[in-house]
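Quick notes on the structure that follows.
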Amino acid sequence: MTSEMWRARTEWPLAGAAVLFLLLYSVQVILPLSPAESSLLAAVNWAIWAVFLLDFVVNLALAERRWHWLLRNLHELLILVLPMLRPLRLLRLLTLLRVLNRAGGDALRGRLALYVLTSSAILSYAGALAVLDVEQDAQKGNILTIGDALWWSLTTVTSVGYGDHFPVTVPGRLVASGLMVLGIAVLGVVTATVASWLVESVSTGSPDDSADAVRQELAAVRAQLADLTDQLAAGRRPPE
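Numbering follows the UniProt record's numbering, with no gaps: position 72 of the sequence shown is 72.
Printed below as a string of C-alpha cells:
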C-alpha cells in the first residue's frame, strides 16, 4: 500500500475523529464535570490520540523520503509527544480542514470561498475554546465564559478589537496572535476573491453574447469577401 492510498482511506475517519475531539474538548472546557465524567472523557481522548498515533506511524513508514515527510509534519509530532497541552491538540482540526478543502468543488473560487469561510469559523471557535481553557482560572482573567470567549474571538479575527476582553496569560496571548494572523489572511483572501470576480464580470460577457458577436463578425467577413470577389470578376471582363 502506498501513502496516497492510506491517506485516501483514512482521511474521512480522521476528520470524524477530529470532530469528536472538538466536541469532547468543548464539553471539558465549557461544562463542569464530575470526576467520573472527566475520567470517561479522558479515556476517549486517549483513544483518539492512539488513532492519530497509528496514522502518524503508518504515514511515516510508507513515506518514500521519511525525513522530508517528518519535517513537513512536525505539528503532528508535537500533538503526539505533548498530549497534555490541550490547546495544542486543536491542531488535529487541520485534518478536517483538508477534507473540507477537497470537498469544495471543482471551481477554484467556490472551493476557496468554502474553505476560507469554513476554516475561519472552525478556527475561530477553536481559538475561543483554547483561550477559555487557559484564561477562565487565571488570576485577573476577564474571559470567564464561552460567551466572553466567542465575542473575543470574533472581535480578534475581524480586527475590531474592542478591548473589553483580552487574554492575560502567555498561552492565551499566543492564541490571540494566531487569530490575528488568521484575520489578516481571511481579509486578504476575501478581497482578492471579490476583486477577481469583479474583473471577470467586467471583462467577459455571457457565452450567448460572445457567440452572437462571433456570428456578426463572420457575416461581415463573408460580405467583404463577396464584394471583393465581385470587384475582381468585374475587373477581368473584356471591354465591350
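Every residue gets a Cβ at the ideal spot worked out from N, C-alpha and C, and that includes glycine.
To which residues of the same chain is residue i closer than 8 Å at the C-beta, ignoring the five residues directly before and after it?
i	result
Ile184	Ser159
Asp106	Residue placement at Asp106 cannot be trusted, given a pLDDT of 47 that sits under 50; the coordinates are not used to answer.
Ala187	The sequence given here has Leu at residue 187, not Ala. Ser159.
Leu77	Phe56 and Leu70
Asp148	Leu132, Asn142 and His165
Met1	Leu62
Lys140	Val168
Val170	none
Who are the near neighbours of residue i in its chain, counting only those whose CB is closer than 6 Å to its CB and skipping five residues on each side?
i	result
Arg222	none
Ser36	Contrary to the premise, residue 36 reads as Ala rather than Ser in this sequence. Within the same chain, Ala36 has no close Cβ partners at all.
Asn142	His165
Gly127	Ser153, Val175 and Leu179
Ser124	Ser153 and Val157
Ile48	Ala17 and Phe21
Val189	Val116
From the options, pick the residue whose C-alpha is nearest to that of residue i; which is it?
i	options	result
Ser3	Ala18, Phe52 and Leu60	Leu60
Asn45	Val19, Val58 and Pro32	Val19
Trp6	Leu23, Trp152 and Ala63	Ala63
Leu80	Ala8, Tyr125, Leu174 and Val51	Val51
Ala17	Leu54, Asp212 and Pro167	Leu54
Tyr25	Ile146, Val181, Arg215 and Val189	Ile146
Leu23	Ala8, His68, Thr191 and Ile122	Ile122
Leu182	Leu218, Tyr162, Thr155 and Ser38	Thr155
Leu150	His68, Ser38, Leu129 and Pro32	Leu129
Ser177	Thr191, Gly161 and Ala192	Gly161
Arg9	Ala195, Leu93, Val58 and Leu33	Val58
Going along the chain, which residues of its own chain have a beta-carbon closer than 7 Å to the beta-carbon of residue i, five neighbours each way excluded?
i	result
Gly172	Val131, Val134 and Glu135
Val27	Leu41
Leu144	Gln136
Gln216	none
Point to revise | Three or more C-beta pairs below 8 Å linking the stretch 68-76 and the stretch 4-19 | key: With the cut-off at 8 Å, the stretch 68-76 and the stretch 4-19 do not touch.
Check your understanding: Going along the chain, which unbroken runs of the alpha helix (DSSP H) with 4 or more residues stay wholly within the stretch 39-65?
Key -> Listed in chain order, there is nothing to give.
**Study point:** Cβ contact check for the stretch 115-123 and the stretch 132-150: 3 or more pairs under 8 Å
**Key:** Not touching, per the Cβ criterion.
Practice item. Output the residue ranges of the alpha helix (DSSP H) runs that lie fully inside the stretch 136-173 and measure 4 residues or longer, sorted by chain position. Key: Qualifying alpha helix (DSSP H) stretches, in chain order: 146-157.
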